[in-house]
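In our numbering, the protein residues as written are -12 to 156. Glycine included, C-beta positions come from ideal geometry on N, C-alpha and C. Please read these numbers as outputs of a predicted model, since none were measured by experiment.
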Amino acid sequence: MRTEDVPRVMEIERECFATPWHESAYMTELSNRSAYYVVACIDSRIVGYAGMWVIMDEAHITTLGVSRDCRGLKIGEQLLVALLDEAISRRARRATLEVRQSNVIAQNLYKKYGFLPAAVRRGYYTDNHENAIVMWVDNITNSAYADKYTELKRKLGEEAAQTAAEGRA
-12 MRTEDVPRVM EIERECFATP WHESAYMTEL SNRSAYYVVA CIDSRIVGYA
38 GMWVIMDEAH ITTLGVSRDC RGLKIGEQLL VALLDEAISR RARRATLEVR
88 QSNVIAQNLY KKYGFLPAAV RRGYYTDNHE NAIVMWVDNI TNSAYADKYT
138 ELKRKLGEEA AQTAAEGRA
């Protein structure tokens, strides 16, 4: 993600989240050496974004959003993979995130990549006081996880290629 991407990211942010971050928060994050932010594009149009912090051996996924009109195209999964790839390259050994208790679709995606519920933060979300599920995946650098992760990425690549081919047909 670059500073010039932030206005479009903010459009998606407002579409995805009841209490969106402020534009200044993204600008600050982009200068944070511990942070990593990425965008997903279709035909040069930003359709999703994600970010995390990597501190010591932990990656904390801070945000992931996909434009409503592009959901169901595996973009969220591709963004998650981009974050995990970067976390692994920065030698993070585990990753965490918070997800709304009602967001079962996101929880299932995270579980697919080995994240497990570890705690509940009661009333975490300020818009409606919904609980957050804290999820963790440990040992993202060990060989057992690497084998599973490599296979998931291979399948995702095949599915993305098929989706792109169907879009061109």
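Taking 3 residues as the minimum length, the beta strand (DSSP E) runs contained wholly in the segment 24 to 92 are 32 to 42, 45 to 53, 81 to 87, in order along the chain. Take A105, set aside five residues on each side of it, and the residues of its chain with a beta-carbon closer than 7 Å to its own are V121, M122, W123, in chain order. If you compare the alpha carbons of H47, A27, K135 with that of G63, the shortest gap goes to A27.
For the options Q65, A119, R109, the alpha carbon positioned closest to that of K99 is the one of Q65. Residue range 103 to 108 is occupied by the beta strand (DSSP E) that includes A106. Partner residues in the beta bridge of M122, as assigned by DSSP, are L84, P104.
Take the alpha-carbon of A119 and the one of P7: they are about 16 Å apart. Here A82 is near A46, since their CB atoms are less than 8 Å apart. Residue state for A148 is assigned as helix, using DSSP reduced to three classes. Measuring C-alpha to C-alpha distances from L51 to each of Q149, I(-1), F102, S21 identifies I(-1) as the nearest. About 10 Å separates the beta carbon of G38 from that of A12, a gap too long to meet the 8 Å contact definition. A12 is not bridged by DSSP to any residue.
The beta-carbon separation of T137 and R80, rounded to 17 Å, does not stay under the 8 Å limit for a contact. Per DSSP, I127 lies in no alpha helix (DSSP H) and is assigned neither H nor E. Membership of M(-3) in the alpha helix (DSSP H) is indicated by the continuous run -7 to 3.
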